[in-house]
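In mature numbering (1 follows the signal peptide of the UniProt record, and there is no 0), the protein residues as written are -21 to -1, 1 to 82.
Below: one structure, written as structure tokens.
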């Protein structure tokens, strides 16, 4: 094993890490939708924080992705949990439900 092998191994590692660095989490698409829909529903509020709560299976070919968004409006802060129902076969959302959370 010479210097050539070491260089090839380092290049392979660099390529592998670069390929993974550009990938976004699977839930990112639904997080963007949660923020877009929240901004429309609460148009006078600003989103100050965002957290992915997780995914739960909701039947055959169905899942629910959940997010907690923290909003500020007129000097007050409050939370909104957004549940996005997803058809796992078509990868399309079927419903968006908002649930306000008290601080």
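All C-beta atoms, glycine included, are put in the ideal place defined by N, C-alpha and C.
Three-way DSSP call (helix, strand, coil) for residue i in this model
| i | result |
| --- | --- |
| residue 55 | strand |
| residue 33 | strand |
| residue -16 | Confidence at residue -16 is low in this model, with a pLDDT of 47, below 50, so its placement is unreliable and the value that follows should be read with caution. Note: residue -16 maps to helix in three-state DSSP. |
| residue 23 | coil |
| residue 17 | helix |
| residue 41 | strand |
For residue j and residue i, believed in contact at Cβ under 8 Å, the rounded distance
| i | j | result |
| --- | --- | --- |
| residue 67 | residue 41 | 7 Å |
| residue 44 | residue 50 | Between residue 50 and residue 44 the Cβ distance is about 19 Å, and since that is not below 8 Å, they are no contact. |
| residue 60 | residue 80 | 6 Å |
Cα-Cα separation between residue i and residue j, rounded to whole angstroms
| i | j | result |
| --- | --- | --- |
| residue 78 | residue 39 | 24 Å |
| residue -16 | residue 36 | Note on residue -16: pLDDT 47, under 50, position unreliable in the model; the coordinate value appears next. Approximately 45 Å between the Cα atoms of the pair. |
| residue 31 | residue 3 | 13 Å |
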